[in-house]
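So the protein lines, in turn, are chains A and B. All residue numbers for the first sequence refer to the working numbering, where the first residue is 1220 and numbers rise by one. All residue numbers for the second sequence refer to the working numbering, where the first residue is 866 and numbers rise by one. Even glycine gets a Cβ: it sits at the ideal position worked out from N, Cα and C. Computed from a predicted structure; not experimentally measured.
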Amino acid sequence: MKKLLFIGILLVGCIDPYSPPEIEQAEAALVIDGFINLFDKSTIKLSRTQNLADTNAPVQEVGATMWVEDEQGTKFFLSEESAGVYTLPVQSFIDSRYRLHIVTSNSKEYVSAFERAMISPPIDSVNWSFTDDLGVQLYVNTNNTESPQGFYRWTFEETWLYTSAFQSTYVYNVQSRSAEVRTDDIYNCWRTGNSSDVLIESTTRFSENRVSEYPLTYIKQSDERIRYKYSIQVKQYSITQDAFNYWQQIKKTTEDLGTLFGPLPSQVTGNFRSISNPSEPVIGYFAIGSFTSSRIFIPWQELITPPFYDTPYQGCETYELFNANVSSFSGPYLLTYGIPNPNGPGIIGYYYGSASCVDCRLSGGVNVKPDFWE
Amino acid sequence: MKLVKAFLLCMLLSVIILPAYSQQEQLLSIELSNQPILKLVETLEQKSNYRFFFNPKVVDSLSVTISATNKTINEILDEVFRSSNFRYAVDENQYIYITLQEPILTDLPSDFFTGIGSSSDSLKRRIDNSRFEEAEKVKVQKLTTIGVRGATNKPTASIAGYIRNSKSGEPVIGASVLIESPLIGVATDPNGFYSITLPKGTHQLKIRSMGMKSLERNVLLHSDGKLNIEMEEDVLPLKEVIIESERDERVLGMQMGLEKIDIKTLKQIPLALGEVDVLKAILTLPGVQSVGEGTVGFNVRGGATDQNLILFNDAAIYNPSHLFGFFSAFNPDLLKNVELYKSGIPAEYGGRISSVLDVTTREGNKKKWAGSGGISPITGRFALEGPIIKDKSSFLLGGRSTYSDWLLQQIPSSTLKNSEASFYDLNLNISHEINSKNSIYLSGYLSKDRFKLQSDTAYSYSNQALSAKWRHIFGNRFFAVFTGNFSGYDYTISSANNPVNAFDLSYSIKQVQGKADFNYFLNAKHTINFGAGVIRYQLAPGTLTPGGEESLIIPDVLQDEQAIESAIYLGDNFEINPDLSLYAGLRYSFFQNNGPRDLFIYQPGSPRDVTSIIDTVSYAAGQKLSTAGGPEVRVSVRYRLATNASLKVSYNRTRQYIQMLSNTTAIAPTDIWKLSDPYIKPLIGDQISAGFYYNSKRTSFETSVEAYYKVMENFLDYKGGAELILNHHIETDVLNASGKAYGAEFMIRKSSGKLNGWLSYTYSRSLLKTAGNSDAETINRGEYYPSNYDKPHAVNFIGNYKFNRRLSFSLNVVYSTGRPITLPISKYTIDGAERLLYSDRNQFRIPDYFRTDFSFNLEGSHKMKKLAHSSWSFSVYNLTGRRNAYSVYFTTENGVVKGYKLSIFGSPIPTITYNFKF
């Protein structure tokens, strides 16, 4: 056994969490996040980089002036819709190359390189298959016959239905100190998440401009996301080679590091530069174009049910509250359903549980069914 | 034994210096019954002026019973020692010497001052030292006549020949052949060949070598001639002799910055995975570093891993490792000698700028069949050797393989179950002595690795080397070695999981070399070597092919590269006087990159980029693309401050025309080598170093301090996220950097005694600077930044303690500063995910490295006649289980940045190995 253990160590090594010594950042760099959509409203967010240990939301960059500019010098100004969020209603873009110009409130000026507007071909299909451990692997397929080769980037938004631990049919009225019948549903919720990995592919090494079964994400068999119904919307962007290189570097510096033969990390900034101070790092990649999307659903009926699901409700239990004590009910608890009278009709009290076990909204979802849900 | 000698010497001196004077006989009385001799001495010294001298260890067994009244000292002592083996002597100073068997002579023989020869003879008659000397050497008193009387009129003549092991017929390397008066000495070369020029007449040639019985040959030299000598292996090695020969070389040898490791030292270093490993041993030496454990490359004095010329029987080896660097590619059973030149590289070596690691294997046994092998939890190895024609030719065959594949299959984890890892290597050496003037050596080597880890991608790589050597002796003082060799390295990466994307990617280097080296022993003061060599390189830098019919992969083939590298050199070892020696060498190397090739031409003045390509020029086969070259000066000076202390200074320039492209942390099986071309200039290294060497006379400690300063030009660095594989225009992704390195190495070594080993401390820095014409071509604003292997402080301790001849214990302690890394300094959110902004390149460091290993070695009984000799070795690697960071990295997981530390050997690793030899 020792030998076997030893081989395991040899090949896998050990990985421990590591927090680096506190690094003080000299000056937070400007971060530009967004995409100019040719056919729809566009949003660009401005923020600042933050220290690694900083758990607050990023600082928004407010009061900047920002415009998209074509090679003829035509300007399309964005307006600040909310703090740090700048929007542009749909415009008639006729030129082929554009750039983004930003002047921050402290009069620093930043500009991107000119980028070609890229129209994305339609997604061929989004499909999935079982993995060896009965989990679900999702793929995207695309096939562009218009151009010989291309560079693609995908993002996805996944939405899933989940339930809290206990159904709640009663609600406690604090004013009247009594239980009332609940009218809203806090048992069924929908939660939405975004892709975090960089998903890119180039077909330059393929004889056709076709991407076959590009892996998007993997879901474990016991994952709560596929307990009832899961939906994924994949967005496909056609990108330039420069943008591809940029995302490739982002991928390398955040996802592929640390393996034995992994590359060394490096500073990746993008296609913006500061006019005021050329050595100042500016983060973000300006891109313009359109995306295509495709959505699929995976209901539980198509899957193999695992022995149990990993949910945040593992330790949940209910307690009894008898009618006599209802008036003194307090604390971070919610009523669930009634305790039936063993000797006749009616109830003799209520079960209750922690709010986090009863209200599904406390687990990050909403109890409003999304429009696209079927 | 030493004590007796010192004793005799003191006595003789006192006799010479002190004048004789008359002495009134004193009468003494004493009464003792069964008392130790010390009691007698005490009593007599109290009662008289006599003083006793003796070795208490020798006399303590003697008990005394005596009853005497008013007797002279002589009468008393006669009585005491009458029935024992002890003898005594009294001198003029009333000093009494008690000895075993023979009394001390208190007078010089009457003929002492009349004739030296006869006096020593008469001394010898009465004091027989032979039993002491017998243990030290085997005397051969026969007189050998060399040459023909009156053949030449010159006052000197030379003797040359081979020194071989009488048991196996293998050459004895580094054996010293010398006469003591006047002191003239030479050492045998790697083929066991020596040539010594002496005045005509009779001499006593002394031959000494580590682990061999010392020999003396009486020769009568008339004219040039040859003398082959066979030495016997010393079954009970005499440590005193070993120290002298090794220690003197460090102080008195010409070479500096040279580290020699013999197989014996190798075996004492605790093992990581049950195998004696040359490369791991190299890492314990001062000035040698690696990026991390379990990596292949090593860094010598701030140079990159590709700047080491690794020679295996003269053929270059490109990937000296197995199984991701956990094993070196050299089968330890076959090794004879490992030499690492860190500075003062002699003119015969060239092609890499940092160091030369010269690994030579043994020749097979020319007398009888023999074999050896070993078994550890991961590998098994075997070697067989024997004569083809007895005393003339022999072979040595060795093989090594792993059963890790089988072990991987036993692991329940599903991720490892799909993993594979295997390797093997094979060696065959044939040597043949055609006649006394000609011998030939053939050596073949093949290694192959294959692995697949938790992914569908399989990697395999292979090294091949073939070498043929013809050694011809023109005369006693002039010989030549003609070498032809082939080195190959190739790798293949293949993926077959998704038939649509299945591919094979392969890479290969082929190198053919021819060279001639000449050695001329001009006279006792000059030894000249010169030669010339040509290397032809043929590289296939990348071939991508679809892995099946369904695959959409388009075949992509990078253009082949070919080049010729040639060099001529001349070096002279000049002993100006016994205190001052000089080595002056000049190498001239020339490199030419040849077509066929299509070369991109870039817009002058703008950064090299795909967008700045303005033209493509086609070169026909054999047409030259670029040339490079120039002189390489190699100079070393040694000045002897005292017999046990010296000062050395050296300067050398080296040029390198082939560089490795790698932007990974360690040497990876996917790294590619690139020849110099119009865009990639050859590396040029200059190193100046100075050293002070001191051997303590009384204790067996050797100390040395070496300092160096090194400058490297045309170092290759990479743009962030550079793509190195299948890149048709690699010049757009690489940057031209310059480097400097400096440091000092302190070492104290004890090579004899029950306890031996060394302790070294190294301070070193290795810095790079990349200042291009544009921002994209500049790193860290063009300032110096630490290289990946810059580890300023390093301490190494290797200790070996021999409990007895069979059991020994070794301890190894290693400390070094953590290597530099680029850390994320801040985070930001783009596209819904948190990302990292990295610091300046190599601005931070991973935690310091510390490791302790130990091993016990148990040898089988030392009976001479036994079917097989075996040994067991039990070792624990990383005894403290410290989780030394190999790397620190940060990844985005579910949109959150997390930091991790990867350790390769994060717990103590015990291994047990069984070795055998027959």
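Decide if Glu1288 of chain A is buried, meaning its Cβ has at least 16 other Cβ atoms within 10 Å, or exposed. Along the first sequence, one-based indexing puts residue 1288 of chain A at 69. Per the 10 Å Cβ criterion, buried.
Which ranges would you report for the beta strand (DSSP E) in the segment 1563-1622 of chain B if only whole runs of at least 3 residues count? Qualifying beta strand (DSSP E) stretches, in chain order: 1566-1583, 1599-1615.
Where Ala1698 of chain B meets chain A, residues with beta-carbon distance less than 7 Å: Residue mapping note: residue 1698 of chain B aligns to position 833 of the second sequence, counting from 1. Residues of chain A passing the Cβ test: Ser1415.
Does any C-beta atom of chain A lie closer than 9 Å to the C-beta of Ser1325 of chain B? If you number the second sequence from 1, residue 1325 of chain B lands on position 460. By this cut-off, Ser1325 of chain B is not an interface position.
Could one say the Cβ of Ile1502 of chain A lies closer than 9 Å to chain B's Cβ atoms, at least one of them? In the first sequence, the residue the question calls residue 1502 of chain A occupies position 283. Taking Cβ atoms only, chain B reaches closer than 9 Å to Ile1502 of chain A, which makes this a yes.
For Leu1435 of chain A, three-class secondary structure by DSSP: In the first sequence, residue 1435 of chain A corresponds to position 216, counting from 1. Correct three-state label for Leu1435 of chain A: strand.
Since Asp943 of chain B is in the alpha helix (DSSP H), which residue starts that stretch and which ends it? Start at 1 with the first residue of the second sequence, and residue 943 of chain B comes out as number 78. In the DSSP assignment, Asp943 of chain B falls within the unbroken alpha helix (DSSP H) covering 938-946.
Given that a residue counts as buried once 16 or more other Cβ atoms are within 10 Å of its Cβ, and exposed if not, what is Gln888 of chain B? Reading the second sequence from its first residue, position 23 is the one you call residue 888 of chain B. Model confidence at Gln888 of chain B stands at a pLDDT of 45, short of 50, so the residue's coordinates are unreliable; what they give is reported in the following sentence. Counting Cβ neighbours within 10 Å, Gln888 of chain B comes out exposed, since fewer than 16 surround it.
Does any C-beta atom of chain A lie closer than 9 Å to the C-beta of Ala1659 of chain B? Position 794 of the second sequence, counting from 1, holds the residue named residue 1659 of chain B. With 9 Å as the cut-off, Ala1659 of chain B does not count as an interface residue toward chain A.
Does the structure place the segment 1206-1222 of chain B close enough to the segment 1347-1360 of chain B that three or more beta carbon pairs sit under 8 Å? No, they do not touch.
What's the gap between the Cα of Gly1162 of chain B and the Cα of Thr1170 of chain B? For this step, residue 1162 of chain B is matched to residue 297 along the second sequence. For this step, residue 1170 of chain B is matched to residue 305 along the second sequence. Going from the Cα of Gly1162 of chain B to the Cα of Thr1170 of chain B covers about 5 Å.
When you compare the CB of Leu1744 of chain B with every CB in chain C, is at least one pair closer than 9 Å? Among the chains of the structure shown, chain C does not appear; the protein chains present are A and B.
Using the C-alpha atoms, what's the distance from Tyr1385 of chain B back to Asn1394 of chain B? Taking the second sequence and counting its residues from 1, one reaches residue 1394 of chain B at position 529. Taking the second sequence and counting its residues from 1, one reaches residue 1385 of chain B at position 520. Each residue's alpha carbon lies about 6 Å from the other.
Three-way DSSP call (helix, strand, coil) for Val1309 of chain A in this model: By 1-based counting over the first sequence, the position of residue 1309 of chain A is 90. The answer is coil: DSSP assigns Val1309 of chain A none of H, G, I, E or B.
Determine whether the Cβ of Asp1590 of chain A lies closer than 9 Å to any Cβ atom of chain B. In the first sequence, the residue the question calls residue 1590 of chain A occupies position 371. Asp1590 of chain A does not count as touching chain B.
For Val1231 of chain A, three-class secondary structure by DSSP: For this step, residue 1231 of chain A is matched to residue 12 along the first sequence. The pLDDT assigned to Val1231 of chain A is 46, lower than 50, so where the model puts this residue is not dependable; a value taken from the coordinates is nonetheless given after this. Here Val1231 of chain A sits in helix by DSSP.
Helix, strand or coil for Phe1770 of chain B? Go by DSSP, reduced to three states. Your numbering for residue 1770 of chain B matches position 905 in the second sequence. Assignment of Phe1770 of chain B by DSSP, reduced to helix, strand and coil, places it in the coil class.
Provide the residue(s) that pair with Glu1098 of chain B in DSSP beta bridges, ordered along the chain. Translated into the one-based positions of the second sequence, residue 1098 of chain B becomes position 233. DSSP, once it has assigned bridges, lists B:Met1077 as partnering Glu1098 of chain B.
With Thr1374 of chain A as the anchor, note down where its beta strand (DSSP E) starts and where it stops. Taking the first residue of the first sequence as position 1, residue 1374 of chain A is located at position 155. 1370-1382 is the span of the beta strand (DSSP E), which, as asked, contains Thr1374 of chain A.
Can you give me the Cβ contacts of Leu927 of chain B inside the same chain, cut-off strictly under 7 Å, excluding the 5 residues immediately before and after it? Numbered from its first residue, the second sequence carries residue 927 of chain B at position 62. These residues qualify, in order along the chain: Ile902, Ser949, Phe951.
Of the listed residues A:Ile1313, A:Cys1233, A:Asn1464, A:Ser1383, nearest to Phe1370 of chain A (C-alpha basis): Within the first sequence, the letter at position 151 stands for residue 1370 of chain A. Checked all of A:Ile1313, A:Cys1233, A:Asn1464, A:Ser1383; the closest Cα to Phe1370 of chain A is A:Asn1464.
For chain A, find out if any of its Cβ atoms is closer than 9 Å to the Cβ of Lys1763 of chain B; answer yes or no. Residue mapping note: residue 1763 of chain B aligns to position 898 of the second sequence, counting from 1. Yes, contact with chain A.
Could you tell me whether the Cβ atoms of Trp1409 of chain A and Gly1584 of chain A are closer together than 9 Å? As a working note, residue 1409 of chain A is residue 190 in the first sequence. As a working note, residue 1584 of chain A is residue 365 in the first sequence. Inclusion of Trp1409 of chain A and Gly1584 of chain A in the CB contact set at 9 Å is warranted, their separation being smaller than that value.
With burial defined as no fewer than 16 other Cβ atoms inside 10 Å of the residue's Cβ, what is the status of Pro1242 of chain B: buried or exposed? Counting from 1 along the second sequence, the entry for residue 1242 of chain B is found at position 377. Around the beta carbon of Pro1242 of chain B, 16 or more other beta carbons sit within 10 angstroms, so the residue counts as buried.
List the residues of chain B that Ser1331 of chain A touches, going by C-beta distances under 9 Å, in chain order. Position 112 of the first sequence, counted from the first residue, corresponds to residue 1331 of chain A. Going along chain B, no residue has its Cβ under 9 Å from Ser1331 of chain A, so there is no contact; the nearest lies around 14 Å.
Looking at Arg1520 of chain B: is its Cβ nearer than 9 Å to the Cβ of Pro1543 of chain B? For the purposes of this step, residue 1520 of chain B is identified with residue 655 of the second sequence, where counting begins at 1. For the purposes of this step, residue 1543 of chain B is identified with residue 678 of the second sequence, where counting begins at 1. Remark: C-beta atoms of Arg1520 of chain B and Pro1543 of chain B do not approach each other more closely than 9 Å.
Chain-ordered chain B contacts of Arg1429 of chain A [CB-CB under 9 Å]: As a working note, residue 1429 of chain A is residue 210 in the first sequence. Residues of chain B passing the Cβ test: Val1365, Leu1417.
Glu1642 of chain B, DSSP secondary structure in three states: For this step, residue 1642 of chain B is matched to residue 777 along the second sequence. Glu1642 of chain B falls in the helix class under three-state DSSP.
Near-chain B residues of the segment 1431-1445 of chain A - C-beta to any C-beta below 8 Å: For the segment 1431-1445 of chain A, which is checked against every Cβ of chain B, the residues closer than 8 Å are Ser1431, Glu1432.
Using the C-alpha atoms, what's the distance from Thr971 of chain B back to Leu905 of chain B? Taking the first residue of the second sequence as position 1, residue 905 of chain B is located at position 40. Taking the first residue of the second sequence as position 1, residue 971 of chain B is located at position 106. Between Leu905 of chain B and Thr971 of chain B, the C-alpha separation is close to 22 Å.
At the level of alpha carbons, what is the spacing between Glu1521 of chain A and Phe1510 of chain A? Here the question's residue 1521 of chain A lines up with position 302 in the first sequence. Here the question's residue 1510 of chain A lines up with position 291 in the first sequence. Using only the alpha carbons, I get a separation of about 29 Å.
Note down the Cα distance separating Asn1303 of chain B from Thr1408 of chain B, rounded to an integer number of angstroms. The residue you call residue 1303 of chain B lines up with position 438 of the second sequence. The residue you call residue 1408 of chain B lines up with position 543 of the second sequence. Approximately 44 Å, taken between the alpha carbons.
Residues of chain B with a CB under 8 Å from the CB of Pro1531 of chain A: which are they? As a position in the first sequence, residue 1531 of chain A is number 312, starting the count at 1. Listed along the chain, the chain B residues whose CB falls inside 8 Å of the CB of Pro1531 of chain A amount to none; the nearest CB is some 14 Å away.
Applying a beta-carbon distance threshold of less than 8 Å, which residues of chain B neighbour Val1250 of chain A? The sequence position of residue 1250 of chain A within the first sequence is 31, counting from 1. What Val1250 of chain A touches in chain B: Tyr1693, Thr1694, Ile1695.
Note down, in chain order, every chain A residue with its Cβ under 8 Å from the Cβ of Leu1423 of chain B. Taking the second sequence and counting its residues from 1, the one referred to as residue 1423 of chain B is at position 558. Result: empty, since nearest Cβ-Cβ is about 13 Å, beyond 8 Å.
Determine whether the Cβ of Tyr1785 of chain B lies closer than 9 Å to any Cβ atom of chain A. Given a span of 866 to 1783 for chain B in the structure shown, any question on residue 1785 of chain B remains unanswerable.
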